[in-house]
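Here is the structure we will look at, set down as structure tokens.
Number of protein chains: 2
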Amino acid sequence: MFKVNENYLKLPGSYLFSTIAKKVNAFTEAHPDRTIVRLGIGDVTQPLGEPVIRALHDAVAEMAYAETFHGYSPDLGYSFLREAIASGDYKARGCEIEPDEIFVSDGAKSDSGNIQELFSEDSRIAVCDPVYPVYVDSNVMAGRTGTYDPKTGYWSNVIYMPCTAANGFIADLPKEVPDVIYLCFPNNPTGAAITKDRLQDWVDYANKNGSVIIYDAAYEAYISEKDMPHSIYECEGARTCAIEIRSFSKNAGFTGLRLGYTVVPKDLKCGDASLHDMWARRHGTKFNGAPYIVQRAGAACYTDEGRAMIKSLVGYYMENARTIRDGLEKLGYTCYGGVNSPYVWMKTPDGMTSWDFFDYLLENAGVVGTPGSGFGPNGEGYFRLTAFGSHENSKNALERFAKL
Amino acid sequence: MFKVNENYLKLPGSYLFSTIAKKVNAFTEAHPDRTIVRLGIGDVTQPLGEPVIRALHDAVAEMAYAETFHGYSPDLGYSFLREAIASGDYKARGCEIEPDEIFVSDGAKSDSGNIQELFSEDSRIAVCDPVYPVYVDSNVMAGRTGTYDPKTGYWSNVIYMPCTAANGFIADLPKEVPDVIYLCFPNNPTGAAITKDRLQDWVDYANKNGSVIIYDAAYEAYISEKDMPHSIYECEGARTCAIEIRSFSKNAGFTGLRLGYTVVPKDLKCGDASLHDMWARRHGTKFNGAPYIVQRAGAACYTDEGRAMIKSLVGYYMENARTIRDGLEKLGYTCYGGVNSPYVWMKTPDGMTSWDFFDYLLENAGVVGTPGSGFGPNGEGYFRLTAFGSHENSKNALERFAKL
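These protein sequence lines map, in sequence, to chains A and B.
The numbering of the first sequence is the numbering used here, which starts it at 197 and goes up by one.
The numbering of the second sequence is the numbering used here, which starts it at 197 and goes up by one.
Now the structure itself:
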């Protein structure tokens, strides 16, 4: 009789956002007359910009004629896109990243879930607490995390790095050395950004201890303050210790188009084994390239018009972030994030648990957010609100909060 | 110091098609004046059909307005597509498959590479020999295959099922019982199709022995003869032992659009563990849905117009298959496949090895095919030619063969 991967069975409950979706569905079925304001999932709401739409139509038109039809993409991405990324996202910031160190994919979620495959089964991972669930869950599925303690919410073999108001939601360097360190800045869910000096400390730590940093920079476009690095490769020595994951979802609104990329520098090695070559092999074996039309849309983001479009989209959402954060603070709530990030991380009132506040807010205001505890034990007592709604929705949510 | 997944390092050489690409590039650089006829990779060459192009333009247009914009897709696929598939590909053939048993993905390659994750690390897999390399390589990466013997080309812990002219390229039921059996019909690379009776034997064998069949039906649209099942669920009892993988690449020409799906019936269980629920969890954790616009394009394939388009595309390629097969036979070559499949599996002449014939054909005719030995030891002495070129290319290839 065949046997299943029992690591899957260790996963508690279902994926956070599925649970939220089920709760919201149950609520709307029970209250068909009530309207819901969704500030839960980090999904964008504004349409694709004109340069992207035009690039998509043009690329679709190419697919209609044999002379300009495109079949299988190169596994690692079209050169036109890899070159635009290397130049626009890296060389422009003084980072030495070559086009062939960039691996185009169908999104940052796939990459952040799959990247753990490159490491040995007994690797110790370190994650921030709270954390984007995919980093931990993908390692659970691979059998690296030990056993789950439902009382504490912790896995026995994961190094948790608390991110609290006390440390400004920037984890301290871990005492016990991890093999793989997941960092995400600007952070999901707390909205915290890291300065270049502090990130340099992490790079130095990783190089000194032989750790690899998986740096999730999906929200870099939201950085508004100086001294905050947009890429980990702005730090010296990052080429020998860091992998960076980027997304087109939050800057250009590609959540429904699916495009992202991962940078694996050629200098990142363990003995003779090159993580760059291993990731190339993974792409070649288990992935067949991102769609041509979507890669063309991605390339359109690097034109002058495309940059202006991103600036406008990010500006739109950041106005929401200000609306939400300023509004909540005026109502007496304690808030973090929302300055270099589309996420506002609010303290739940009256010592309510995150899920109690989720239910309370849904029932009494019809507003959906994300319970902080869904991101880890240190998220308990917090609640994540996203700025990805429309202006109207964000204002509407605040009006509903005001009536609580 | 971090450690890598050493299973990756066991993989010999690079992925078959990368090796071919490198050889062809070297040849074209050395002979810039020579033209190449490519019948190697199974990539389509004809443009997307009118119903698909229209669906893409329409969906792109929707993405330009907030009212009709689509962000994250449901992880498992949009209902409109899952319902079209359940009805068009299954209910229409008398198979009991429900929409929520269909998992929409970015293609059959990803699914066939990732599906092994559901099984325990000590699972024994069985593959046909020759075989599509992804099945084996993805299991190598997961550490299930033991050690590689470069002399024989076999992994110590894989059950190989020879497919030879003697058994009509349909493997015999294995004596040693595997946990997971990979089958692909119509077959890549041999082009062999299986009758319903023979496939029923496999389903009965799997149910009797507690094995799971991963059934790759990416080429089902090419079946031209009666009695050949288009889906494994045409066989009785397949719901308790089989997963089926399908693609839009070869029927509708989506190799550059990326769309496929996998069927995991709810009856497929190991004790309390449901492979359906596990695959849903994997999709929810490591995948973020196929692009909305591509799913709309997929749905367009199930309209009357879409069906006519597929019939026309498949007919176009099958004319090439006839050209190639009939032409080669007239020249005295021994050929298989090409009747229910876009692949012609020819015996190399004069006892040449597959790679020697590859080099000989490239040098002397400028024709690129795929060496049979790249698909496994029993592919040695064979050569795969695909019908996915244009009519002109296929005829041109035959003219070049005639001059050898």
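Backbone N, C-alpha and C define an ideal beta-carbon position, used for all residues, glycine too.
C-beta neighbour in chain B for residue i, strict 7 Å
i, result
"A:Ala-260", "yes"
"A:Thr-481", "yes"
"A:Lys-591", "no"
"A:Leu-314", "yes"
"A:Met-474", "yes"
"A:Cys-466", "yes"
"A:His-587", "no"
"A:Ser-453", "Position check: residue 453 of chain A holds Leu in this sequence, whereas Ser was assumed. It does: the Cβ of A:Leu-453 has a partner Cβ on chain B nearer than 7 Å."
"A:Asn-201", "yes"
"A:Ser-334", "yes"
"A:Ala-504", "no"
"A:Asn-403", "no"
"A:Pro-370", "no"
"A:Gly-387", "no"
"A:Ile-249", "yes"
"A:Val-408", "yes"
"A:Asp-412", "no"
"A:Asp-400", "no"
"A:Val-240", "yes"
"A:Leu-252", "yes"
Which listed residue (the options) has its alpha carbon closest to that of residue i
i, options, result
"B:Phe-604", "B:Asp-325, B:Tyr-513, B:Gln-491", "Nothing in the structure corresponds to residue 604 of chain B, since chain B is present only between 197 and 600."
"A:Lys-446", "A:Pro-243, A:Glu-202, A:Val-220, A:Leu-212", "A:Pro-243"
"B:Tyr-328", "B:Asp-412, B:Pro-295, B:Pro-370", "B:Asp-412"
"B:Arg-442", "B:Ala-593, B:Gly-238, B:Asn-221, B:Lys-305", "B:Lys-305"
"B:Ala-561", "B:Ser-569, B:Val-540, B:Asn-592", "B:Asn-592"
"A:Ala-322", "B:Trp-398, B:Ile-355, B:Phe-198, B:Leu-207", "B:Phe-198"
"B:Glu-332", "B:Glu-292, B:Cys-291, B:Asn-203, B:Thr-391", "The question names Glu, yet the displayed sequence has Val at residue 332 of chain B. Considering only alpha carbons, the answer is B:Asn-203."
"A:Leu-453", "B:Gly-494, B:Met-259, B:Tyr-356", "B:Met-259"
"A:Ser-319", "A:Gly-309, A:Thr-348, A:Pro-374, A:Pro-295", "A:Pro-374"
"B:Glu-501", "B:Arg-250, B:Gly-290, B:Glu-432, B:Ile-237", "B:Arg-250"
"B:Ala-402", "B:Thr-360, B:Tyr-415, B:Thr-530, B:Glu-432", "B:Glu-432"
"B:Arg-394", "B:Phe-365, B:Gly-406, B:Lys-371, B:Val-408", "B:Phe-365"
"A:Ala-583", "A:Ala-476, A:Val-460, A:Gly-449, A:Ala-495", "A:Gly-449"
"B:Glu-372", "B:Ile-390, B:Pro-382, B:Asn-383, B:Asn-353", "B:Asn-353"
"B:Glu-292", "B:Phe-571, B:Asp-463, B:Thr-544", "B:Asp-463"
"A:Glu-559", "A:Ser-214, A:Lys-206, A:Asp-229", "A:Asp-229"
"A:Pro-425", "A:Phe-381, A:Phe-579, A:Tyr-356, A:Val-336", "A:Phe-381"
Any C-beta of chain A under 7 Å from that of residue i
i, result
"B:Phe-198", "yes"
"B:Val-330", "yes"
"B:Asn-384", "no"
"B:Tyr-488", "yes"
"B:Leu-557", "no"
"B:Lys-305", "yes"
"B:Val-256", "yes"
"B:Leu-244", "yes"
"B:Asp-296", "no"
"B:Leu-235", "no"
"B:Leu-272", "no"
Residues that DSSP places opposite residue i in a beta bridge
i, result
"A:Leu-471", "Paired residues: none, contrary to the question."
"B:Phe-315", "A:Val-200"
"B:Gly-456", "B:Ser-301, B:Ser-443"
"A:Thr-566", "A:Arg-580"
"B:Ala-380", "This sequence places Cys at residue 380 of chain B; Ala is not what is there. According to DSSP, which records beta bridges pairwise, B:Cys-380 is partnered with B:Asp-412."
"A:Asp-325", "A:Pro-358"
"A:Tyr-401", "Bridge partners of A:Tyr-401: none, in fact."
"A:Tyr-556", "A:Tyr-556 pairs with nothing; no bridge assigned."
"B:Trp-351", "B:Tyr-344"
"A:Val-233", "A:Val-563"
"A:Ala-551", "The residue you asked about is not Ala; residue 551 of chain A is Trp in the sequence shown. Bridge partners of A:Trp-551: none, in fact."
Anticipated Cβ contact below 8 Å, residue i with residue j, distance rounded
i, j, result
"A:Asn-201", "B:Leu-314", "6 Å"
"B:Glu-297", "B:His-479", "The pair is not a contact, with the Cβ atoms about 13 Å apart (cut-off 8 Å)."
"A:Pro-346", "A:Gly-575", "The pair is not a contact, with the Cβ atoms about 16 Å apart (cut-off 8 Å)."
"B:Ile-216", "B:Val-564", "7 Å"
"B:Asp-271", "B:Gly-485", "5 Å"
"A:Pro-567", "A:Tyr-344", "Between A:Tyr-344 and A:Pro-567 the Cβ distance is about 18 Å, and since that is not below 8 Å, they are no contact."
"B:Leu-205", "A:Ala-469", "6 Å"
"A:Gly-267", "B:Asp-285", "Not a contact, Cβ separation roughly 23 Å."
"A:Asp-423", "A:Lys-392", "6 Å"
Contact list for residue i against chain D, beta-carbon separation under 8 Å
i, result
"B:Gly-309", "Absent from the structure is chain D; the protein chains it does hold are A and B."
Length at least 3, wholly inside the segment 495-533 of chain A: the beta strand (DSSP E) runs in chain order
531-533, all fully within the segment 495-533 of chain A.
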